[in-house]
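Here the sequence shown is numbered in the working numbering, starting from 2 and rising by one per residue.
Just so you know, even glycine gets a beta-carbon here, dropped at the ideal spot from N, CA and C.
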Amino acid sequence: MFIPGSYLTGKIEFVKGIGPAKAGLLQNELGIYLIEDLLLDFPIRYLDRTKITPIAEAKSEGEYVQVKGILKDFRVMGQGRGRRLVALVSDDTGGMELVWFKSIEWMVNHLTRGMEYVVNGRVSRFRNQYNMAHPEMEAASKKKTDSFQTFIPVYRSTEKLTKRGLDTKGRNRIMKPLIAELPRDAFKEYLPDELRQKFRFADIYETTRMIHYPMNQKQLRIAENRIIFEEFFFVQLRLIKQYLTRKRDLKGHVFETVGDYFMTFYEEHLPFELTGAQKRVLREIRRDMGTGKQMNRLLQGDVGSGKTIVALLAALLARDNGFQTALLAPTEILAQQHFESLTQLTEGMKYQVAILTGKTKTAERKELLRMLRIGAIDLLVGTHALLEDRVQFEEIGLAIIDEQHRFGVAQRAKLWKKGKRLPPHVLVMSATPIPRTLHMTTYGDLDVSVIDELPPGRKPIRTLHKTEFYRSDVIKFMKQEIAKGRQIYVVYPLIEESESLDLEDLNNGYEKLLTFFPRPDYQIGVVHGRMTPDEKEKEMERFSRGTTHILVSTTVIEVGVNIPNAAVMVIENANRFGLAQLHQLRGRVGRGSYQSYCILMTGNKLGDDARTRIDTMVRTNDGFEIAEVDLALRGPGKVQGTEQSGRLNFRKADLIEHKHILKAARETAKIILEEDPDLESDKHRGIKAYLEARHKSAEWWGRIS
Ligand code: ADP
Ligand code: MG
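Here's what the structure looks like:
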């Protein structure tokens, strides 16, 4: 966060209290080499030494508290990995257990029964009891109250560091004099004055001092605000800069005509009225494709929101302007489904839709590729096979990518290269809603369209949570639905570590189902990951034709499958699925005009997170809301669609907690870049220098959409 200056780039070895041995440790354990690194290693939290919490009130899980009480007793329990030291402290309000799994001997030698201690630690819950693991203990009599330093910073540490005296106390012995003697002129302010005034930020020197040793809560907040803002701000600045540069420089085909293909389809073939959201999104796409710049647009829409028709209309627009379109799907089944529905939709038009997958026979493929080269195919649907070099278009103008998270960056680059003079416009379709906050930090350089409205007449899926106890009711319900002519999915989770275990789960479940749904009255099909693609497809087809009543499967049906008559989904061990996955799965039902159901089966006991996931599913069908909860539960690194990002390792900033700061940072970055795209004005010199100094060598990923 600082512009390098000679003082700040000094080696930590020469800082008072460090020396070569400790310097080596800090380097190896935490990657701290320079004074700057040391200053940038912000406290992870603070101990407020003035505040003692009564034990009876120390009940919020995960919170750091300080309690004061008599050490009643302690003893070593368990063996091997379960070996632990358990102690009991109590004050006037109650008692609390303390546990150590490490450094047991040392603790035993240093603790005294009957003595009063000040205990600092994090409250956790175990078997409905509140306790603390590895708290810091200090004899109450020894504890001096530092009259003016109430906040003690706590830094990252490791076992090695703790052992060598670089625990909280040791680190403070170094940090306190360093901060106290920090030379003001070592810092050069880089944020423009007006920006600092607007947000009431302290200057960089004061911010640094206050983040390490705040005098009070207010100072801490002021310092944190600036740091969090900066973390977001510089990311946004780069993303938006990238985006603007691309907008300015990347030429694209101009689709100016709305011609016969589009109009004929719209007026004579469209089987329904477009929803308002579909119309809006289509306008956005049309506008993009008319600007002369390459479109890079992400089309987000929940499952069933009707992305396909939008894609087709965009493809027809391309055709009206003399260009071909490629549509990439992640699996054979999906490619096939797209091919079928697109062929059907354009029936009676002189519009040639074709499919190319890994299974296309050689002779057929040869002919297909020839037709493609001479422009006799207008829309080519396919899988990865489309990316091969031998697939040459006469002139491709639009590439549509379905279910984007299955495609890597390199693959997308291959598509770009298929354009002869210019890269095709790119429309990425995703059914995985990404929370806006995450969006701003990961796809901030893409244009986004959202279909936030479902086609009319859909009955919202009803989601129920049932425990094993109600199994027979569920079976009865399934029978009723089958009697009404509906079909049912029964899904088992897939755990990657143990495929055989899954299979066992699934097979047991299947056997059990057979006893409830005997042949020949009922037909049950099975699909799982161990089957060959051919076998899978056959089973899917039987189900799709209505030959089987129930399809038992692992999560292989997750993506895109469209069988409107399947109105019930039973998800076994639903607690073992992630939220995004549950939502995707549920999207397989509710595709026809029937009332659909999703039944989440679990055991009686559920962990906190599992409970939240299940409750969320029962409460809402809104993919964006679900994505927000998912983000809150798992953190930004794990949310589907952004796994590869790894770019979200902020020090202080939190996408959920600091949403409003993110918004302000993004707005500010936008305003600055609109006014001064290359950051050339005097007041932005600091920002520019910062960007260059900090990220010269860092590979910038945002270039590729
Ligand atoms: P997804 O966004 O999940 O890809 P699809 O494009 O497969 O959704 O559309 C889901 C279903 O909704 C399809 O059967 C489609 O024909 C239908 N559909 C799409 N748009 C509309 C609309 N505006 N009115 C009625 N039905 C629609
Ligand atoms: Mg789809």
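If you draw a straight line from the C-alpha of residue i to the C-alpha of residue j, how long is it?
i, j, result
"Val216", "Ala141", "Checking the sequence shown, residue 216 turns out to be Met, not Val. Rounded to the nearest angstrom, the two C-alpha atoms are 23 Å apart."
"Gln218", "Lys17", "28 Å"
"Ile657", "Glu540", "43 Å"
"Lys189", "Gly70", "48 Å"
"Ile286", "Tyr691", "36 Å"
"Ala364", "Leu370", "10 Å"
"Pro424", "Gly398", "7 Å"
"Leu99", "Ile53", "17 Å"
"Phe478", "Asp303", "28 Å"
"Asp655", "Leu515", "49 Å"
"Pro272", "Asp677", "48 Å"
"Ile688", "Glu37", "18 Å"
"Trp101", "Lys480", "54 Å"
"Phe200", "Ile229", "12 Å"
"Glu404", "Leu299", "11 Å"
"Pro494", "Ala628", "20 Å"
"Gln582", "Ile402", "20 Å"
"Leu314", "Phe127", "57 Å"
"Phe518", "Thr603", "21 Å"
"Gly83", "Leu48", "30 Å"
"Glu454", "Ala278", "6 Å"
For the ligand MG, is there a heavy atom less than 8 Å away from the beta-carbon of residue i?
i, result
"Asp403", "yes"
"Lys606", "no"
"Lys161", "no"
"Ala316", "no"
"Lys418", "no"
Below 6 Å CB to CB, which residues in the same chain sit around residue i once its five sequence neighbours on both sides are set aside?
i, result
"Tyr598", "Arg463 and Val569"
"Arg185", "Tyr206"
"Asn322", "Phe256 and Thr258"
"Pro178", "Lys17"
"Gln237", "Ala666, Arg667 and Ala670"
"Phe266", "Leu317"
Any heavy atom of the ligand ADP closer than 8 Å to the Cβ of residue i?
i, result
"Lys460", "no"
"Phe544", "no"
"Leu456", "Sequence check: residue 456 is Pro here, not Leu. Checking the Cβ of Pro456 against the ligand ADP gives yes."
"Val449", "no"
"Met430", "yes"
"Lys308", "yes"
"Pro434", "no"
"Asp303", "yes"
"Arg589", "no"
"Pro331", "no"
"Thr516", "no"
"Phe273", "yes"
"Thr361", "no"
Counting only the same chain and skipping the five closest in sequence on each side, list residues whose C-beta sits under 7 Å from that of residue i.
i, result
"Lys161", "Leu26 and Glu30"
"Leu387", "Ala327, Leu329, Leu357 and Leu381"
"Glu139", "Tyr118 and Val119"
"Arg227", "Phe202, Ala203 and Thr208"
"Lys639", "Caution applies to Lys639, whose pLDDT of 47 falls short of 50 and renders its modelled position unreliable; the value that the coordinates give is listed next. Around Lys639: no qualifying Cβ."
Can you find the residues in the same chain that come closer than 8 Å, C-beta to C-beta, to residue i, ignoring five residues on each side of it along the sequence?
i, result
"Gln488", "Phe544, Gly547, Thr549, His550, Ile551, Leu552, Ile564, Asn566, Ala567, Ala568 and Val569"
"Glu333", "Thr358, Gly359, Lys360, Thr384, Pro534 and Glu538"
"Ser125", "Glu62, Gly63, Tyr131, Asn132, Met133 and Ala134"
"Leu89", "Leu72, Lys73, Asp74, Phe75, Gly96, Met97, Glu98 and Leu99"
"Gln220", "Met211"
"Ile452", "Thr276, Ala278, Gln279, Val282, Leu300, Gln301, Gly302, Asp303, Ser306, Gly307, Lys308 and Val311"
Is there a C-beta anywhere in chain B that falls below 9 Å from the one on residue i?
i, result
"Leu428", "Absent from the structure: chain B. Only one protein chain is present."
So is the beta-carbon of residue i under 8 Å away from any non-hydrogen atom of the ligand COA?
i, result
"Asn563", "Inclusion of the ligand COA in the displayed structure is not the case, the ligand content consisting of the ligand ADP and the ligand MG alone."
field: Sufficient close CB pairs (3 or more, under 8 Å) joining the stretch 537 to 551 to the stretch 578 to 595
entry: no
query: Quick check: the stretch 117 to 124 against the stretch 57 to 70, are there 3 or more CB pairs under 8 Å?
result: yes
task: Starting from the N-terminal side, write out each stretch of the alpha helix (DSSP H) that is 4 residues or longer and does not extend beyond the stretch 556 to 619.
output: 580 to 587
query: Residue ranges of each alpha helix (DSSP H) run of no fewer than 4 residues wholly in the stretch 225 to 278, ordered along the chain?
result: Taken in chain order, the complete alpha helix (DSSP H) segments of 4 or more residues contained in the stretch 225 to 278 are 261 to 265.
task: Would you check if there are 3 or more beta carbon pairs closer than 8 Å linking the stretch 232 to 241 to the stretch 660 to 673?
output: Contact between the stretch 232 to 241 and the stretch 660 to 673 is present, because at least three Cβ pairs lie under 8 Å.
task: Can you check the stretch 517 to 555 for any beta strand (DSSP E) of at least 3 residues that lies completely inside it and give the ranges in chain order?
output: 525 to 528 and 551 to 554
message: So within the stretch 334 to 393, which uninterrupted alpha helix (DSSP H) runs reach at least 4 residues, ignoring any that extend past its ends?
response: 363 to 374
- request: Would you be able to state if there are at least three C-beta pairs under 8 Å between the stretch 598 to 615 and the stretch 523 to 530?
  value: no
field: Every unbroken alpha helix (DSSP H) within the stretch 95 to 131, with a cutoff of 4 residues, ordered by chain
entry: 105 to 111
- prompt: So, do the stretch 623 to 636 and the stretch 192 to 211 have three or more beta carbon pairs nearer to each other than 8 Å?
  reply: no
- prompt: So, do the stretch 345 to 354 and the stretch 466 to 475 have three or more beta carbon pairs nearer to each other than 8 Å?
  reply: no
task: Run through the stretch 149 to 210 for me and flag every whole beta strand (DSSP E) of 3 or more residues, listed as ranges in chain order.
output: 152 to 155
field: Runs of alpha helix (DSSP H) lying entirely within the stretch 449 to 516, each at least 4 residues, in chain order
entry: Counting only runs of 4+ residues, the alpha helix (DSSP H) found wholly inside the stretch 449 to 516 occupies 472 to 484, in chain order.
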